[in-house]
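Residue numbering for the sequence shown is 657 to 927, as defined by this note's numbering.
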Amino acid sequence: MFSEASHDFDWIAHDFPPFMWQFSRMLFDQFDRIRIVNLASRPDRRREMEHQLSLVGLLDDPRVEFFEAIHRVDRGPFRKAGSHGAYLGHMHLLEQATAANESILILQDDCDFLVPDIESYRMPPEWDVFYGGYSASDPDNLDASDIIGAHFMGFSPASARLACRYLGQLYRSADFPPDPRASREPGFDPAIRPPIDGALVWFRRAHPEIRTVFAMLSYQRSSRTDIGEQKWFDKVPGLRGLAEAARRAKRLLAPQLAAPTGEAGTFPRHG
Numbered sequence: 657m658f659s660e661a662s663h664d665f666d667w668i669a670h671d672f673p674p675f676m677w678q679f680s681r682m683l684f685d686q687f688d689r690i691r692i693v694n695l696a697s698r699p700d701r702r703r704e705m706e707h708q709l710s711l712v713g714l715l716d717d718p719r720v721e722f723f724e725a726i727h728r729v730d731r732g733p734f735r736k737a738g739s740h741g742a743y744l745g746h747m748h749l750l751e752q753a754t755a756a757n758e759s760i761l762i763l764q765d766d767c768d769f770l771v772p773d774i775e776s777y778r779m780p781p782e783w784d785v786f787y788g789g790y791s792a793s794d795p796d797n798l799d800a801s802d803i804i805g806a807h808f809m810g811f812s813p814a815s816a817r818l819a820c821r822y823l824g825q826l827y828r829s830a831d832f833p834p835d836p837r838a839s840r841e842p843g844f845d846p847a848i849r850p851p852i853d854g855a856l857v858w859f860r861r862a863h864p865e866i867r868t869v870f871a872m873l874s875y876q877r878s879s880r881t882d883i884g885e886q887k888w889f890d891k892v893p894g895l896r897g898l899a900e901a902a903r904r905a906k907r908l909l910a911p912q913l914a915a916p917t918g919e920a921g922t923f924p925r926h927g
């Protein structure tokens with residue numbers, strides 16, 4: 657059994673019948689540490705994320721910390737420099753969780769929670785990897801599907817350790833065996849590594865024993881990208897503020913229409 661985190665949940669016994677609370681636990685109570693990836697150059701996203709934390713009672717939670725995103729100017733073995741930094745940041749957080757033997761929830765700073773759905777969600781008793789938001793190429797077969805989205809992901813202590821090892825080997829070893837399914841795709845380049853969401857799909861396929869739980873409890877808010885190519889109006893200081901205001905208005909009008917985006921708004925190459 658991979659799930660190793662344990663907590664005292666006696667306090668919810670009064671709110672739920674014994675048969676219910678013994679077999680399901682409140683989502684955020686599953687995690688020993690909660691980390692939010694945020695670039696120092698994006699205080700706007702930090703403020704947005706602090707608001708999201710306040711909505712679910714996590715703003716002053718001692719388990720929550722902001723992690724300064726890793727910024728790389730070289731693309732390394734990836735297609736884009738932004739993907740390089742995102743991959744290293746995710747791997748570093750998993751290394752920290754592994755060293756502490758703790759479960760971890762990793763949030764990107766453009767994650768918006770779906771309230772009240774997230775408050776009523778109960779985690780299954782056995783899990784290893786958790787997706788709290790995603791877009792799937794095959795919604796009817798999530799375990800085998802390509803997945804966009806690493807903006808709301810949880811790992812048990814054991815799965816964090818396995819993922820940390822896998823991601824490290826994939827990153828450092830030039831001859832690391834690629835995902836068999838991805839290697840059959842037209843135009844596959846074994847020298848290019850997938851972005852972090854694609855790499856985690858590879859990881860789960862390499863470890864079919866891992867129990868993955870999917871739940872649609874969040875979406876990625878529309879904002880100026882720090883990974884992909886920016887829109888022309890995001891590069892012009894005078895227009896940048898107007899673009900952000902338009903995005904905020906769009907989120908207020910139709911937040912449910914937002915969806916996770918990969919490296920270029922499509923399913924990750926080779927993942």
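Yeah, the Cβ is synthetic: ideal placement off N, Cα and C, and Gly gets one too.
**OP:** Note the first and the last residue of the continuous beta strand (DSSP E) segment covering V693.
**Re:** For this step, residue 693 is matched to residue 37 along the sequence shown. Unbroken beta strand (DSSP E) run through V693: R689 to N694.
**OP:** Report the rounded CA-to-CA distance for F786 versus G854, giving the unit in angstroms.
**Re:** Position 130 of the sequence shown, counted from the first residue, corresponds to residue 786. Position 198 of the sequence shown, counted from the first residue, corresponds to residue 854. For F786 and G854, the distance between alpha carbons rounds to 15 angstroms.
Subject >> Contacting residues, own chain, Cβ-Cβ under 7 angstroms from I883 (five flanking each side not counted) >> reply: Along the sequence shown, read from residue 1 onward, the residue named residue 883 stands at position 227. Low confidence applies to I883: its pLDDT is 47, below 50, so where it sits in the model is not reliable, and the reading given next is rough at best. Residues K736, G738, S739, A742 and E919 of the same chain have their beta carbon placed closer than 7 angstroms to that of I883, with the five preceding and five following residues left out of the count.
Original post:
Run through DSSP, which three-state label would G810 get?
Top reply: Here the question's residue 810 lines up with position 154 in the sequence shown. Three-state DSSP puts G810 in a strand.
Subject >> Inter-residue Cα distance where the pair is R821 and R778 >> reply: Your numbering for residue 821 matches position 165 in the sequence shown. Your numbering for residue 778 matches position 122 in the sequence shown. One Cα belongs to R821, the other to R778, and the distance between them is close to 29 angstroms.
Original post:
What did DSSP end up calling Y777 once you bin it into helix, strand or coil?
Top reply: Mapped onto the sequence shown, residue 777 falls at position 121. The DSSP-derived three-state label of Y777 is coil.
**OP:** Can you grab the Cα-Cα spacing for the pair A661 / S759, in whole Å?
**Re:** In the sequence shown, residue 661 corresponds to position 5, counting from 1. In the sequence shown, residue 759 corresponds to position 103, counting from 1. Low confidence applies here, because A661 scores a pLDDT of 42, under 50, leaving its location unreliable and the question unanswered by this model.
**OP:** Sort out for me which residues DSSP pairs Q876 with in a bridge.
**Re:** Stepping through the sequence shown from its first residue, residue 876 is reached at position 220. DSSP output for Q876 lists C767 as bridge partner(s).
**OP:** If I'm right that G788 touches S710 with Cβ under 8 angstroms, what's the distance once you round it to whole angstroms?
**Re:** The residue given as residue 788 occupies position 132 in the sequence shown. The residue given as residue 710 occupies position 54 in the sequence shown. G788 to S710, Cβ: 18 angstroms. No contact.
Original post:
Starting from T869 and walking both ways along the beta strand (DSSP E), at which residues does that stretch end?
Top reply: To locate residue 869, count along the sequence shown from 1; it is residue 213. According to the sequence provided, residue 869 is Val. The question's Thr does not apply to it. First-last of the beta strand (DSSP E) with V869: T868 to F870.
Original post:
F938 lies in the beta strand (DSSP E); which residues open and close that run?
Top reply: Because the chain here runs from 657 to 927, residue 938 falls outside it and cannot be looked at.
**OP:** Ignore the nearest five residues each way along the sequence and tell me which others in H863's own chain have a CB closer than 7 angstroms to its CB.
**Re:** To locate residue 863, count along the sequence shown from 1; it is residue 207. The answer, listed in chain order, is L818.
Subject >> Spatially closest choice to T868 from H748, S812 and V771, by CA coordinates >> reply: Looking up residue 868 in the sequence shown gives position 212. That would be S812, whose Cα lies nearest to the Cα of T868.
Original post:
Going by alpha carbons, who is nearest to L749 out of A847, D802 and V693?
Top reply: The residue you call residue 749 lines up with position 93 of the sequence shown. Scanning A847, D802 and V693 for the CA closest to the CA of L749 turns up V693.
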